[in-house]
Amino acid sequence: MNRLVKTVLLAGAAWSALSVTAIAQEAPAQDPAVTSLDEIIVTARRRDEQLKDVPVAVTALSSERLAETGATDITTLQQQTPNATVQVARGSNSTLISFIRGVGQQDPLWGFEPGVGLYVDDVYVARPQAAVLDIFDIERIEVLRGPQGSLYGRNTVGGAIKYVTSRLSQDAEATIRGAYGSYNQVDLIASGSVPLSDSFRIGGAFASLTRDGYGENLNTGAEHYDKDVTAFRASAEFTPRDEVFFRLAYDRTQDDSNPRHGHREVAGVGPGAGSPDSVYDTYAGIGDENSVESEGLSFTGQVDVSEHWTFKAITAWREGRTDTVIDFDNTPAPTLDIPAYYADDQFTTELQFQFNYDRIQGVFGVFYLDASAEGAFDTVLGNLGIVIGTGGVVETESVALFADVNLDLTERLHLGLGIRYTEDSKTGTVFRANYAGATRSPLLGGTPRAPTLLRTDYTNDRTFDDISPRVALSYDFSDAITGYASWSSGFKSGGFDMRGDAILTPDTVNGYQPETVDSYEIGLKGRAGPLSFSSSVFYNQYEDQQVTTQVPAVGGIASFVDNVGQSTLYGAEFEGSLFLSDNLSANFAVGYLNSEFDEFLRYNLTTMAYEDISDLVVLQNAPEWTGYFGLTWRSDVAGGELVVTPSVSYRGDFSMFEFPNPILDQEAYALVDLSLIWTAPSERWSLGLFGKNLTDEEYRVGGYNFPGALFNDSVIGYYGPPQTVTASIQIKF
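Numbering (mature numbering (1 follows the signal peptide of the UniProt record, and there is no 0)), first residue to last: -24 to -1, 1 to 709.
Following this line, the structure appears as structure tokens:
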């Protein structure tokens, strides 16, 4: 089936590309709910622009498109975005792992920087914990592919995801949506706004999202892969004059879902060490405690100083805390039990000066970040009668100056120039020690006792700086077709390894260096009759890659972060929409990615030297092919409008880690979805029915790999959602 799906996706995309001239001759009436590229407004370059005019590969998904496809959280972006991985991290319900074009966050541990930047209303979210954002009360989501260093700065070497919430309405309004579905899913979402005067409005949104588990903890009887999330937002907007806008916003999320322990892929030794029949079941014995809290406050002010100049300021504070447990071996025995906590806080502010003249437009400004990421975890090795306690904190202060200018050389030829200087100052503190006994260490509230072996205990400072440039040349072949060629660079900041073992790898106290990506891209986007499309071809040089490497060591495995070398990635993307008739339209996306390590230097603890093993490794989360094809059919039914949206998404073979593992690595798979929404004639209420993964495909999204007798062959897989069906009702007031 996967080969057939892949063939259909490629054939559909190729047919669309080759049919541009033919279909331009006779265009059916456009579907009003499907927007062409010259109507989509994005802020990829920090200012409002038509999507077709932006020399960047961007996937923009409107709230209508997300609603019609039944999108529930941002991990569904993976299905509709070419060459993208957006997943829940292993051993978590709400930690985000993102890759774009093979570049992303290899490790979700605190202090390890992301490679894809996440922004909520232009506020940078520094940590992946609690970053699996549920989709409600939003305006759109933009996925920017390729390095965005000049405008978005540090940690956008792969790209950026922009989550844009809805602005408050000028009129009093409210919307309530309820849903019930498989596994006793019960969702309640309410949003609304009230104008208190002509210039002042308040509003907010609330979401309660609950579901029983897809499986069960067969040891404790608890739900496994369940959901218990409560979230709300509140905002106030003040517009004293047309040229002045202020917004104050607060959000909070509480996730009390049970922890995800995964599924044992290889049978071990002892009671509960087998592989459960259901991939969603576990025998984990560490317990089911889990709590994730996240909240933030932001202020945005924008003033049109003159006809040509606009000043914008964005200041925000965010913090979060996670208390959780992970059972690496998935057995009742206290082997590889991991109690943990993570805590982070950040303060950011950005000042932008935007200008717009007849032949030159742009923005320049300054960005500041003050952030702290701390945590601690135990590795309980009951079979050895010891526990390894690990704790640490990274304090980061970052300052950046940036500018981005677009110059109209002629009416059709445009030159874009961008540059950003970033300086990161980091202080890292790491403590790691062995303690006797198979219970928690003093770091996690265990019995106070002295360590039997001190492995790491240091505090160090590092400063990293970088210049990230961008050059783009675009040409308007017509009013509807634009081509571009660009070069951009980005960097992911260096840091300190929070798992660092100074006994095995003494150099860990000096931290690791930044990684960089240089990207060369050409693209063509626009509209030809009923076809709106965006295409790109790219070539990336990825250097000083930060990878968490595992190497054999006396008594087990040593894990450490290192700059392992470099790789080359190149590929192509084609996406868009096609109006097939007055009632029928299609959306499609195809991505191709070729990725290969040119150098991978692994430290050998025996020879005390580095060795190049690039012929043994691959880039993780980098499938060669990704694709999406969906239809939207609209018809008048019972006086209202019925919208039917079938879709299929495809994801090729990919590896969970740099070292291929046939037990964990995921083969190609396809997901088939179907949505039906009927809206009443008054447009005040609607009914929906959403089927996800209708073929009930079993597919892994993450894993842990601790083979060998010492760890009881703990090879653990984490799976995506099974087949589900959800019914909903929405009422507008």
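Ideal placement from N, C-alpha and C gives every residue a C-beta, glycine not left out.
Between residue i and residue j, is the Cβ-Cβ spacing less than 8 Å?
i      : j      : result
Pro697 : Asp672 : no
Asp320 : Arg408 : no
Ile653 : Gly667 : no
Leu569 : Gly541 : no
Glu373 : Ser348 : no
Gly238 : Gly693 : yes
Pro445 : Ser465 : yes
Ala136 : Tyr95  : yes
Val537 : Gln522 : yes
Ser450 : Gly392 : yes
Glu572 : Arg578 : no
Glu44  : Val594 : no
Leu120 : Val32  : yes
Ile50  : Val62  : yes
Arg209 : Asp113 : yes
Thr415 : Gly422 : yes
Met474 : Gly628 : no
Val339 : Arg23  : yes
Pro315 : Leu420 : yes
Gly154 : Gln124 : no
Ser535 : Asn516 : no
Ala249 : Asn688 : yes
Gly471 : Phe88  : yes
Ser233 : Thr206 : no
Ser167 : Ala148 : no
Leu581 : Leu480 : yes
Leu127 : Phe467 : no
Gly365 : Gly413 : no
For a test of the three-state rule: what should DSSP assign to residue i, helix, strand or coil?
i        : result
Pro418   : helix
Ala5     : Unreliable positioning characterises Ala5 in this predicted model, as indicated by a pLDDT of 45, which lies under 50. The coordinate reading is nonetheless provided below. Coil, per DSSP.
Ala316   : strand
Gly392   : strand
Thr(-18) : In this prediction, Thr(-18) scores a pLDDT of 39, lower than 50, which makes its location untrustworthy; the coordinate-derived value is nonetheless stated afterwards. It is helical.
Asp441   : strand
Tyr159   : helix
Ser590   : helix
Ser(-6)  : Confidence in Ser(-6) is poor, its pLDDT being 34 and thus under 50, which makes the residue's placement unreliable; the coordinate value appears in the next sentence. Coil.
Phe353   : strand
Asn539   : strand
Phe709   : coil
Ala644   : coil
Glu399   : strand
Met(-24) : Because the pLDDT at Met(-24) is just 46, under 50, the model does not fix this residue reliably, and the value given afterwards should be weighed accordingly. Three-state result, Met(-24): coil.
Tyr496   : strand
Thr428   : coil
Gln146   : coil
Ala(-1)  : Caution is warranted here: a pLDDT of 33 is assigned to Ala(-1), below 50, making its placement in the model unreliable, and no coordinate value can be reported.
Pro697   : coil
Leu273   : strand
Ser282   : coil
Asp334   : coil
Ser581   : Reading off the sequence, residue 581 comes out as Leu, not Ser. In the structure shown, Leu581 sits in coil (DSSP, three-state: anything other than H, G, I, E or B).
In the DSSP assignment, find the unbroken beta strand (DSSP E) run with residue i in it and report its ends.
i      : result
Ala43  : Not the beta strand (DSSP E): Ala43 falls in the alpha helix (DSSP H), residues Ser39 to Glu44.
Tyr515 : Leu507 to Glu519
Ala181 : Phe176 to Arg187
Ser557 : Segment: none, Ser557 is in no beta strand (DSSP E) and carries neither H nor E.
Pro622 : Gly616 to Arg627
Asp29  : Careful: Asp29 lies outside any beta strand (DSSP E) and carries neither H nor E.
Ser173 : Neither: Ser173 is in no beta strand (DSSP E) and is coded neither H nor E.
Glu371 : Ile362 to Asp384
Gly603 : Trp601 to Val613
Val140 : Gly135 to Thr141
Asp303 : Trp285 to Asp303
Go to residue i, then tell me how far its alpha helix (DSSP H) extends in each direction, as first and last residue.
i      : result
Ser127 : The sequence shown places Leu at residue 127, rather than the Ser named in the question. Its alpha helix (DSSP H) spans residues Gly125 to Tyr128.
In chain order, which continuous runs of the beta strand (DSSP E) of length 3 or greater are located wholly inside the segment 46 to 116? 60 to 64, 72 to 76, 92 to 96 and 99 to 101
Run through the segment 199 to 269 for me and flag every whole beta strand (DSSP E) of 3 or more residues, listed as ranges in chain order. 203 to 214 and 220 to 231
Below 8 Å, how does it come out for the segment 477 to 492 and the segment 429 to 442: are there three or more Cβ pairs, yes or no? yes
Flag this pair as touching only if the segment 266 to 277 and the segment 209 to 224 have three or more C-beta atom pairs under 8 Å; answer yes or no. yes
The segment 122 to 136 contacting the segment 71 to 89, beta-carbon criterion three pairs below 8 Å: yes
Contiguous beta strand (DSSP E) assignments of at least 3 residues, all confined to the segment 661 to 694: 661 to 668 and 676 to 682
Which runs of the beta strand (DSSP E) spanning at least 3 residues fall entirely within the segment 446 to 487, listed in chain order? 457 to 468
Touching by the beta-carbon criterion (3+ pairs, under 8 Å), the segment 333 to 348 and the segment 307 to 316: no
Closer than 8 Å is the cut-off here; do at least three beta carbon pairs connect the segment 165 to 172 with the segment 197 to 206? no
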